[in-house]
Amino acid sequence: MPGYHCNWFTRMFWLHWFELDHVYLHPSRRNYLEHAFSPVKAFNGRNHFVIPYLVQIPYYVWIGKRQSAQPLTDSSKQSGWTRLPYNPAKPEHTQFSTYIYGFTWEDPQADIAALDLQSGDNIMVITSAGDNALAYAAHTNGLTIHCVDMNPCQNHLLELKLAALSTLDYSQFWSMFGVGRLPNFKKVLDTELSAELSLPAYQYWRSHLDTFTSNTSNSLLTSLMSLGRHNLYTTGYSGLALRCLAVVTKLLGVSKDLKQISGASSLTDQIKIWCSRVSHNLLSSTSIHILDNPLAIWRLMGVPSNQLKMLHDEGSMSQYVRDTLDPVFLSTHISSNNYFYRMLICQQYSQTCCPDYLTKPVFGKLQEIARNTQDTTFNIHTATIVDTLQKMKPGELSKAVIMDHMDWCTPDEADAEIDALKTALKQGGFVLWRSAARIPWYVANFKASGFKVEAISVRQPNTQTALDRVNMYASFYKATKP
100 MPGYHCNWFT RMFWLHWFEL DHVYLHPSRR NYLEHAFSPV KAFNGRNHFV
150 IPYLVQIPYY VWIGKRQSAQ PLTDSSKQSG WTRLPYNPAK PEHTQFSTYI
200 YGFTWEDPQA DIAALDLQSG DNIMVITSAG DNALAYAAHT NGLTIHCVDM
250 NPCQNHLLEL KLAALSTLDY SQFWSMFGVG RLPNFKKVLD TELSAELSLP
300 AYQYWRSHLD TFTSNTSNSL LTSLMSLGRH NLYTTGYSGL ALRCLAVVTK
350 LLGVSKDLKQ ISGASSLTDQ IKIWCSRVSH NLLSSTSIHI LDNPLAIWRL
400 MGVPSNQLKM LHDEGSMSQY VRDTLDPVFL STHISSNNYF YRMLICQQYS
450 QTCCPDYLTK PVFGKLQEIA RNTQDTTFNI HTATIVDTLQ KMKPGELSKA
500 VIMDHMDWCT PDEADAEIDA LKTALKQGGF VLWRSAARIP WYVANFKASG
550 FKVEAISVRQ PNTQTALDRV NMYASFYKAT KP
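Under the working numbering, the first residue of the sequence shown is numbered 100, with each subsequent residue one higher.
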């Protein structure tokens, strides 16, 4: 758990410091506490004393109950969801200190059209920020949704949304996830949300209170890059991308024009601004050069080198970016029907342009789901996709949505995942994925494993038609188990 361990110097210093006042803090005290009682909630913190960030006194708050007071379980069961246990010390988890995606970057409308959701479906999805899993739950009752992510912080974010749905009213929920700010977040977290959060999720959010409350950033660089806004959506790697985008558009002289696009009353007005004042500047060689850097595109957009290579194998970064952005700004109305790109510009949602889970009617439905264990249920797995699939019974899974995950894989990893999917899926079950390539190399791997593969949509060069409201991917595929 983050903050649990201190380095040798701080541990010995504070141990002997407090012994001078006859206060004994040997680690065995906590070890016995955790041996004798079952943990319910815990927080490991640092008390910034006299000189902030230089003098930090470690402390913890721990709540437990007698072992006999509850059955021993392997998971954290909340109202309408279960957070499955995981070992936070594993290397695949410790590499992440925050979430990569503060918002989900795949259009759920396209997913839902292809999924043909039915009550009783058992679905596996990659968690990301949890937005699309909530969209599926709002669309169809009686689903079992397995949310899988190797990054614990992504699952902490989904848990926070589910806990907020279960306990908060709409105005508070909108403040947190529509505007991305809640000034009294600490109080709300401790008094309302904590009972609904697993121990790791509570520890994470208790250590990141400034996500929803901070007016200023901790570093000069971050302060300069934030351009005055700090909220949920400017945190994490995606938040870094939003801040960098704000800086780049400012330097390119199109920041005000993009703000006008985000508020344009008609598609005609939007197209006029895009074509006359934004497109040629935003798609300049300087911008393309930045995006074509493997380190920059990984840090800012979460695009790994494997995926970047697939993009280059079929064309250039310049062509890809133009084929992505032109159709979006020429065919979708940003201010009313494209909350993805409005978020990039405004760094928050509006009441008239937001994901469905943030609208009042859908909030009410999801609140019932979050409080009810008999309807749709969420099983949250902090693990790899293969590990999660291998723990399922053969034929247990109806459908899977793996986003662009396969683009990240090596051939051996892809084969292992395809085999696991084939075993877990029932006959007639299928997998949906997106790719940066029009014809991903692993299509052949799916076919070799016996899947029937079909392209739902493929983006052609120089097209003016967007595949969906995001249009970031070159293709959308479906593989069905016969």
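Think of the CB as a built atom: it goes at the ideal place given N, C-alpha and C, for glycine as much as any other residue.
Here the structure is a predicted model, which is why all the values come from computation and not from measurement.
Practice problem: Count the other C-beta atoms from every protein chain shown that fall within 10 angstroms of the C-beta of D412, then say buried if there are 16 or more, exposed otherwise. | Solution: Taking the sequence shown and counting its residues from 1, one reaches residue 412 at position 313. Exposed is the call here.
Self-check item: Same chain only: Cβ atoms within 7 Å of Q489, ignoring 5 sequence neighbours per side
Solution: The sequence position of residue 489 within the sequence shown is 390, counting from 1. Only A519 meet the Cβ criterion.
Practice problem: Tell me whether G219 sits in a helix, a strand or coil according to DSSP, three-state version. | Solution: Position 120 of the sequence shown, counted from the start, is the residue given in the question as residue 219. Looking at G219 - three-state DSSP - the assignment turns out to be coil, as it is neither helix nor strand.
Quiz prompt | Distance between N250 and T451 (C-alpha atoms, nearest Å) | solution = Within the sequence shown, residue 451 is the residue found at index 352, counting from 1. Within the sequence shown, residue 250 is the residue found at index 151, counting from 1. Distance between the alpha carbons of T451 and N250 is about 31 Å.
Practice problem: Tell me, please, which residues DSSP counts as bridged to F117. | Solution: Mapped onto the sequence shown, residue 117 falls at position 18. DSSP lists no partner for F117.
Quiz item: Whose C-beta lies closer than 7 Å to the C-beta of V420 among residues of the same chain, with five residues either side of it excluded?
Solution: The sequence position of residue 420 within the sequence shown is 321, counting from 1. L382, I387 and L390.
Quiz item: Which residues bound the alpha helix (DSSP H) around Y336?
Solution: The residue you call residue 336 lines up with position 237 of the sequence shown. Run containing Y336: G335 to L350, per the alpha helix (DSSP H) assignment.
Practice problem: Determine the DSSP secondary structure at I244, reduced to helix, strand or coil. | Solution: What you label residue 244 is simply residue 145 of the sequence shown in a count that begins at 1. DSSP places I244 in strand when its eight states are reduced to three.
Self-check item: Separation of G335 from S318, as counted between CA atoms
Solution: Residue numbering aside, residue 318 sits at position 219 when the sequence shown is read from its first letter. Residue numbering aside, residue 335 sits at position 236 when the sequence shown is read from its first letter. Residue placement at S318 cannot be trusted, given a pLDDT of 48 that sits under 50; the coordinates are not used to answer.
Practice problem: From the DSSP output, in three-state form, read off T451 for me. | Solution: Within the sequence shown, residue 451 is the residue found at index 352, counting from 1. If DSSP states are grouped into helix, strand and coil, T451 belongs with coil.
Quiz item: How should G527 be labelled, buried or exposed, when 16 other C-beta atoms within 10 angstroms of its C-beta is the threshold for buried?
Solution: For the purposes of this step, residue 527 is identified with residue 428 of the sequence shown, where counting begins at 1. So G527 counts as exposed.
Quiz item: For H147, which beta-bridge partners are listed by DSSP?
Solution: On the sequence shown, residue 147 is found 48 positions in, with the first residue counted as 1. BP columns for H147 point to Q155.
Quiz item: Based on the DSSP output, what are the partners of Y576 in its beta bridges?
Solution: Taking the first residue of the sequence shown as position 1, residue 576 is located at position 477. Bridge partners of Y576: W532 and A554.
Quiz item: What are the start and end residues of the alpha helix (DSSP H) that includes I389?
Solution: Taking the first residue of the sequence shown as 1, we reach residue 389 at position 290. Taken as a continuous stretch (DSSP letters only), the alpha helix (DSSP H) holding I389 covers S384 to L390.
Quiz item: Between the stretch 111-131 and the stretch 278-291, are three or more C-beta pairs nearer than 8 Å?
Solution: no
Quiz item: Alpha carbon to alpha carbon, what distance is there between G144 and P138?
Solution: The residue you call residue 138 lines up with position 39 of the sequence shown. The residue you call residue 144 lines up with position 45 of the sequence shown. When rounded, the distance between both Cα atoms is 17 Å.
Exercise. Specify, as a first and last residue, the run of the beta strand (DSSP E) that V500 falls within.
Key: Stepping through the sequence shown from its first residue, residue 500 is reached at position 401. V500 -> beta strand (DSSP E) spans L496 to V500.
Quiz item: Helix, strand or coil for L323 per DSSP?
Solution: Locating residue 323 in the sequence shown gives position 224, counting from the first residue. Here L323 scores only 47 on pLDDT, less than 50, and its place in the model should not be relied on; the value that follows carries that caveat. Correct three-state label for L323: helix.
Practice problem: Look at the alpha carbon of P170 and the alpha carbon of P184, and state the distance between them as a whole number of angstroms. | Solution: The sequence position of residue 170 within the sequence shown is 71, counting from 1. The sequence position of residue 184 within the sequence shown is 85, counting from 1. Confidence at P170 is low in this model, with a pLDDT of 48, below 50, so the placement of that residue should be treated as unreliable; the coordinate-derived value is given next. Answer to the nearest angstrom: the Cα atoms are 15 Å apart.
Quiz item: Cα separation between R58 and G219?
Solution: Because the chain here runs from 100 to 581, residue 58 falls outside it and cannot be looked at.
Practice problem: Just list the alpha helix (DSSP H) runs in the stretch 248-279, keeping only unbroken ones of 4 residues or longer that don't cross its boundaries, in chain order. | Solution: 251-266 and 269-273
Quiz item: With C-beta atoms as the reference, is Y198 less than 7 Å away from Q253?
Solution: Mapped onto the sequence shown, residue 198 falls at position 99. Mapped onto the sequence shown, residue 253 falls at position 154. The answer is yes: Cβ separation under 7 Å.
Quiz item: Looking only at C-alpha atoms, which of C343, K371 and S365 sits nearest to D356?
Solution: Counting from one through the sequence shown, the residue named residue 356 turns up at place 257. Nearest of C343, K371 and S365 to D356, Cα basis: K371.
Practice problem: Ignore the nearest five residues each way along the sequence and tell me which others in T172's own chain have a CB closer than 6 Å to its CB. | Solution: For the purposes of this step, residue 172 is identified with residue 73 of the sequence shown, where counting begins at 1. Caution applies to T172, whose pLDDT of 42 falls short of 50 and renders its modelled position unreliable; the value that the coordinates give is listed next. Closer than 6 Å at Cβ, skipping near neighbours: no residue.
Self-check item: Proximity below 7 Å, CB of L658 to CB of A469
Solution: Given a span of 100 to 581 for the chain in the structure shown, any question on residue 658 remains unanswerable.
Quiz prompt | Inter-stretch contact (C-beta, 8 Å, three-pair minimum) for the stretch 230-246 and the stretch 448-462 | solution = yes
Practice problem: To the nearest angstrom, report how far apart N146 and S306 are at their CA atoms. | Solution: Here the question's residue 146 lines up with position 47 in the sequence shown. Here the question's residue 306 lines up with position 207 in the sequence shown. Distance between the alpha carbons of N146 and S306: 12 Å.
Quiz item: Tell me, which residues are paired with A141 by DSSP?
Solution: Locating residue 141 in the sequence shown gives position 42, counting from the first residue. The partner list for A141 (beta bridge, DSSP) reads W161.
Quiz prompt | Residues bridged to N478 (per DSSP) | solution = As a first step, residue 478 must be located in the sequence shown, where it is residue number 379. Answer by DSSP bridge pairing, in chain order: T181 and H245.
Practice problem: Please check the pair A513 and L496, which I expect to be a contact at CB under 8 Å, by giving their CB distance rounded to whole angstroms. | Solution: The count along the sequence shown starts at 1 and reaches residue 513 at position 414. The count along the sequence shown starts at 1 and reaches residue 496 at position 397. No, A513 and L496 are not in contact; Cβ-Cβ is about 18 Å, not under 8 Å.
Self-check item: Residue nearest to N200 in terms of C-alpha spacing, selected from Y301, T239 and M400
Solution: Within the sequence shown, numbered from 1, the residue matching residue 200 stands at position 101. According to the sequence as given, residue 200 is Tyr; it is not Asn. Answer by Cα proximity: M400.
Self-check item: Coarse secondary structure for Q406, derived from DSSP in three states
Solution: As a position in the sequence shown, residue 406 is number 307, starting the count at 1. Reduced to three states, the DSSP call for Q406 is helix.
Quiz item: CB D206 to CB R441, shorter than 7 Å?
Solution: Indexing the sequence shown from 1 puts residue 206 at position 107. Indexing the sequence shown from 1 puts residue 441 at position 342. Not closer than 7 Å, so no.
Quiz prompt | Candidates T475, I162, Y123 and T579: closest to G494 by CA position | solution = Your numbering for residue 494 matches position 395 in the sequence shown. G494 has its Cα closest to that of T579, out of T475, I162, Y123 and T579.
Quiz prompt | Three or more C-beta pairs below 8 Å linking the stretch 497-506 and the stretch 548-564 | solution = no
Quiz item: In terms of residues, what are the limits of the alpha helix (DSSP H) holding T310?
Solution: Along the sequence shown, read from residue 1 onward, the residue named residue 310 stands at position 211. Counting along the chain, the alpha helix (DSSP H) containing T310 begins and ends at D309 to T312.
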